[in-house]
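Numbering (the numbering used here), first residue to last: 2 to 516.
Structure record follows, encoded as structure tokens.
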């Protein structure tokens with residue numbers, strides 16, 4: 002797994018298919034989820050009266066939690082009006098091997114409220130020397146991260162009793178950070194305190210030491226086998242903060258650049274999706290302009306954990322048998338981008354096919370972007386095409402490799418530019434992306450309906466941002482880096498563009514920053 006730099010916390014995205022319901026089907030990112038215990042999902046709890054005899058792991062890895070000695074109890078409305086498991090020296094054993102090696106990356110997220118200050122109050126770990134606790138040893142109301150003789154403490158009083166808390170511990174064998182409700186309480190880049198292995202024998206609500214177990218409530222625990230980056234930490238924290246109605250410093254969903262934002266489709270935000278039997282029947286525009294996307298015929302399929310743990314829409318080229326493009330969607334209303342007006346488009350996508358056209362975006366088959374093989378004199382693999390009637394602008398063969406990517410396209414009356422994951426692949430003075438984006442703009446295809454000549458898109462689309470202007474170099478980098486962090490990509494975008502080498506791109510003298 003890739004370790005991600007801890008930086009300034011970015012904006013957040015909402016959570017689950019169907020919204021922030023108590024029995025959420027997925028997390029903002031499922032990539033690397035090793036354990037997920039969620040007491041708000043009643044289907045995961047086996048009860049004997051109010052005693053919890055099994056708490057099922059929702060990650061799919063089978064790390065179900067069962068009592069080690071005695072059973073904790075289920076308590077209604079314990080944390081933020083949501084159900085929680087109440088521990089009173091009654092730890093649970095996680096089944097199987099979590100597979101997180103010594104010094105390996107990990108993130109442990111816990112929604113909790115502990116009520117009693119006892120000696121250790123160990124709430125997660127393998128033994129009393131390899132654990133997390135919120136007890137009174139070396140001071141009260143603080144978090145301790147311990148690996149044998151290597152220990153790190155948060156300040157006294159930083160984790161108070163009888164307070165609903167989202168506690169996130171993130172690190173490996175060479176450093177650890179921790180936050181409570183979004184506020185940093187530990188930031189130590191040179192400690193091995195969180196470097197113990199998490200294999201077999203891991204406990205929740207204890208750490209295999211009688212008399213030092215956790216006393217308090219726990220509504221949710223999520224263990225990742227990687228470090229979440231700053232964007233993801235805030236995103237997940239905001240989701241939990243909202244779900245449990247907590248007061249914290251996690252920030253609400255937004256994009257880094259909002260000026261000129263005309264369309265924003267984001268499949269990570271389940272509240273923006275209308276889904277029926279797995280088919281997306283409406284994808285709402287989060288820009289506030291009402292350019293919602295609806296299918297021309299059949300809707301694309303919603304796929305969870307599709308792009309590095311993110312939800313995405315699966316488009317297919319298969320026609321519906323009546324001459325309509327497979328699952329093309331059309332944006333509502335008039336986008337208001339006139340012919341020759343500057344525009345910038347970002348699309349997060351994945352395609353593994355290499356076919357004639359593979360049309361991705363545009364009002365019609367003569368004015369569009371495609372990722373196909375067609376060129377005037379034959380075919381070329383893995384290239385991007387801009388088309389406006391007889392004007393075609395292509396990237397070089399192989400410049401748009403298949404797989405997950407951030408496509409950035411910019412056009413005006415005088416030039417056409419494109420970037421693949423921040424690397425410029427088109428720099429042309431031919432205007433092939435200057436046509437009007439008004440009514441009838443389509444995604445996942447155009448208006449080329451044919452049961453035999455399939456030209457609509459085959460692949461996954463996760464996010465679309467359309468601006469009615471040319472973004473500056475810094476703005477291109479800001480949006481690109483936001484998408485990189487969100488989708489766990491390795492791109493040319495950087496966190497601090499002002500410190501990076503500047504390279505000339507485009508005839509207008511636009512400047513890009515590259516690693």
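We put the beta carbon where it would ideally sit given N, CA and C, even for glycine.
For residue 306 and residue 446, the rounded distance between their alpha carbons:
As a first step, residue 446 must be located in the chain shown, where it is residue number 445. As a first step, residue 306 must be located in the chain shown, where it is residue number 305. Going by the C-alpha atoms only, they are around 23 angstroms apart.
Give me the Cα-Cα distance between residue 418 and residue 411, rounded to the nearest whole angstrom.
The residue labelled residue 418 in the question sits at position 417 within the chain shown. The residue labelled residue 411 in the question sits at position 410 within the chain shown. About 5 angstroms.
Look up residue 277 in the DSSP assignment and say whether it is helix, strand or coil.
As a working note, residue 277 is residue 276 in the chain shown. Note: residue 277 maps to strand in three-state DSSP.
Suppose the cutoff is 7 angstroms on Cβ atoms and the five residues either side in sequence are ignored; what does the same chain contact list for residue 87 look like?
One-based indexing of the chain shown puts residue 87 at position 86. Hits under 7 angstroms: 73, 74, 76, 79 and 218.
Give me the residue from 343, 242, 352 and 293 with the minimum Cα distance to residue 441.
Walking along the chain shown from the start, residue 441 turns up at place 440. Considering only alpha carbons, the answer is 293.
Using CA coordinates, which residue listed in 298, 174, 299 and 39 is at the minimum distance from residue 83?
By 1-based counting over the chain shown, the position of residue 83 is 82. Selected option, being the one with the closest Cα: 39.
Where do the ends of the beta strand (DSSP E) carrying residue 294 lie?
As a working note, residue 294 is residue 293 in the chain shown. Note, residue 294: beta strand (DSSP E), 294-296.
For residue 189, which residues from the same chain have a beta carbon less than 7 angstroms from its beta carbon, with the 5 sequence-adjacent residues on both sides left out?
The residue you call residue 189 lines up with position 188 of the chain shown. Same-chain partners within the cutoff: 153, 176 and 177.
Going along the chain, which residues of its own chain have a beta-carbon closer than 6 angstroms to the beta-carbon of residue 221, five neighbours each way excluded?
Along the chain shown, one-based indexing puts residue 221 at 220. Once the five neighbours on either side are set aside, the close Cβ partners of residue 221 are 39 and 112.
Evaluate residue 376 with the Cβ neighbour count: other Cβ atoms within 10 Å of its Cβ, from every protein chain shown; 16 or more gives buried, anything less gives exposed.
Taking the first residue of the chain shown as position 1, residue 376 is located at position 375. Exposed.
Following the continuous alpha helix (DSSP H) through residue 160, name the residue where it begins and the one where it ends.
Mapped onto the chain shown, residue 160 falls at position 159. From DSSP, residue 160 is part of no alpha helix (DSSP H); its letter is neither H nor E.
Could you tell me the boundaries of the beta strand (DSSP E) in which residue 351 lies?
Taking the chain shown and counting its residues from 1, the one referred to as residue 351 is at position 350. Per DSSP, residue 351 belongs to the beta strand (DSSP E) from 344-352.
Kindly confirm or deny that the segment 396-411 and the segment 475-495 touch, where touching means at least three C-beta pairs closer than 8 angstroms.
In short, these stretches touch, since the Cβ pair count reaches three.
Is the beta carbon of residue 108 sitting closer than 7 angstroms to the one on residue 245?
If you number the chain shown from 1, residue 108 lands on position 107. If you number the chain shown from 1, residue 245 lands on position 244. For residue 108 and residue 245, no; Cβs fall outside 7 angstroms.
Euclidean distance between Cα positions of residue 496 and residue 231:
On the chain shown, residue 496 is found 495 positions in, with the first residue counted as 1. On the chain shown, residue 231 is found 230 positions in, with the first residue counted as 1. Straight-line Cα distance between these residues: approximately 11 angstroms.
Could you pull out every residue in the same chain whose Cβ sits closer than 8 angstroms to the Cβ of residue 59, ignoring the five residues on either side in sequence?
Along the chain shown, one-based indexing puts residue 59 at 58. Cβ within range, chain order: 37, 38, 39, 42 and 45.
Quickly, what does DSSP pair residue 467 with across the bridge? List them, please.
Within the chain shown, numbered from 1, the residue matching residue 467 stands at position 466. Its beta-bridge partners are 264 and 346.
Which runs of the beta strand (DSSP E) fall wholly inside the segment 211-260 and span at least 3 residues, in chain order?
216-225
Alpha carbons only, please: which of 276, 413 and 209 is nearest the one belonging to residue 339?
As a working mapping, residue 339 is identified with position 338 in the chain shown. Comparing Cα positions, the closest option is 413.
Can the beta-carbon of residue 233 be found closer than 7 angstroms to that of residue 51?
Locating residue 233 in the chain shown gives position 232, where the first residue counts as 1. Locating residue 51 in the chain shown gives position 50, where the first residue counts as 1. Contact: no.
Spatial neighbours of residue 274 in its chain, beta-carbon cut-off 8 angstroms, leaving aside the 5 residues before and after:
Locating residue 274 in the chain shown gives position 273, where the first residue counts as 1. Hits under 8 angstroms: 18, 268, 281, 283, 284, 285 and 303.
Enclosing alpha helix (DSSP H) for residue 194 [first to last residue]:
Position 193 of the chain shown holds residue 194. Taken as a continuous stretch (DSSP letters only), residue 194 belongs to no alpha helix (DSSP H), as it is neither H nor E.
Taking C-beta to C-beta, are residue 328 and residue 312 nearer than 7 angstroms?
Sequence index remark: in the chain shown, residue 328 carries index 327 (1-based). Sequence index remark: in the chain shown, residue 312 carries index 311 (1-based). No.
Residue 197 to residue 103 span [Cα, whole Å]:
For the purposes of this step, residue 197 is taken as residue 196 along the chain shown, with counting starting at 1. For the purposes of this step, residue 103 is taken as residue 102 along the chain shown, with counting starting at 1. Using only the alpha carbons, I get a separation of about 5 angstroms.
Beta-carbon gap between residue 63 and residue 97 smaller than 7 angstroms
On the chain shown, position 62 is the one that residue 63 refers to. On the chain shown, position 96 is the one that residue 97 refers to. Yes, these two residues count as a Cβ contact at 7 angstroms.
Cut-off 6 angstroms between Cβ atoms - residues of its own chain near residue 210, not counting five sequence neighbours on either side
Taking the chain shown and counting its residues from 1, one reaches residue 210 at position 209. If we look at residue 210 and ignore the five residues flanking it on each side, its Cβ neighbours are 129.
Give the straight-line distance between the Cα atoms of residue 466 and residue 422, rounded to the nearest whole angstrom.
Reading the chain shown from its first residue, position 465 is the one you call residue 466. Reading the chain shown from its first residue, position 421 is the one you call residue 422. Their backbone Cα atoms lie some 15 angstroms apart in a straight line.
Would you list, in sequence order, the uninterrupted beta strand (DSSP E) runs of no fewer than 3 residues that lie entirely inside the segment 18-103?
34-39, 46-49, 52-56, 66-68, 74-80, 83-89 and 93-95
Please name the residue, chosen from 118, 158, 132 and 155, that lies closest to residue 147 on a Cα-to-Cα basis.
Along the chain shown, read from residue 1 onward, the residue named residue 147 stands at position 146. For residue 147, the closest C-alpha among the options 118, 158, 132 and 155 is that of 132.
Residue 176: CB within 6 angstroms of a non-hydrogen atom of the ligand COA
The model depicted lacks the ligand COA and carries no ligand whatsoever.
6 angstroms Cβ shell around residue 321 - same chain, five flanking residues per side excluded
The residue given as residue 321 occupies position 320 in the chain shown. At residue 321 the pLDDT is 48, less than 50, meaning the model places this residue with poor confidence; the figure from the coordinates comes in the next sentence. Answer for residue 321: 298 and 299, listed in chain order.
With 16 other CB atoms within 10 Å as the buried threshold, where does residue 301 fall?
Counting from one through the chain shown, the residue named residue 301 turns up at place 300. Buried: at least 16 other Cβ atoms inside 10 Å.
Beta strand (DSSP E) segment containing residue 408, residue limits:
By one-based count along the chain shown, residue 408 stands at place 407. For residue 408, the enclosing beta strand (DSSP E) covers residues 404-412.
Bridge partners of residue 419, per DSSP?
Working through the chain shown from its first residue, we reach residue 419 at position 418. Residue 419 pairs with 410 and 427.
Minimum C-alpha distance to residue 249 - residue among 167, 493 and 364
Start at 1 with the first residue of the chain shown, and residue 249 comes out as number 248. It is 167 whose Cα lies nearest to the Cα of residue 249.
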